[in-house]
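Peer 1:
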Amino acid sequence: MKNKIMKLNVISLKGVEFTGDVAGFNVKTTSGEITILEHHRPLITILKNGTAYIMQHDGSGLPVEINSGFLEMSPDNELNVLVN
């Protein structure tokens with residue numbers, strides 16, 4: 004059974020910056036700006052510098068500064084973001 008809630012892990016060289024269940028994640032990539040929502044297709048992409056937003060289930064957004072990195076959306080509804 005697929006997980007209904009998307010889990011986000013933001014990991015930097017310093018360690019885990021964020022981990023938790025989220026509604027979405029908005030970020031700039033080398034292909035343009037994207038928003039990853041629950042049950043997004045599997046994806047690996049390179050991130051651009053800028054501010055990403057963690058979208059909470061209550062509608063609020065938590066900003067995260069991205070210098071460079073990449074993200075991986077897994078088939079089991081888990082989003083891993085590795086940043087410098």
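In my numbering, the protein residues as written are 4 to 87. Ideal Cβ placement from N, Cα and C applies to all residues, glycine included.
Quick test of the definition: if touching needs 3 or more C-beta pairs under 8 Å, does the segment 33 to 41 touch the segment 61 to 71?
Peer 2: Short answer: they don't touch.
Peer 1: Alpha carbon to alpha carbon, how far is S77 from A55?
Peer 2: Going from the Cα of S77 to the Cα of A55 covers about 19 Å.
Peer 1: What does a CB cutoff of less than 6 Å around K145 pick up in its chain, not counting 5 residues either side in sequence?
Peer 2: Given a span of 4 to 87 for the chain in the structure shown, any question on residue 145 remains unanswerable.
Peer 1: Can you grab the Cα-Cα spacing for the pair L74 / I14, in whole Å?
Peer 2: Answer to the nearest angstrom: the Cα atoms are 10 Å apart.
Peer 1: Tell me the residue span of the beta strand (DSSP E) that contains T32.
Peer 2: Note, T32: beta strand (DSSP E), G27 to T32.
Peer 1: From P45, N80, L46 and T33, pick the residue whose C-alpha is nearest to that of A26; which is it?
Peer 2: Of the candidates P45, N80, L46 and T33, the one whose C-alpha sits nearest the C-alpha of A26 is N80.
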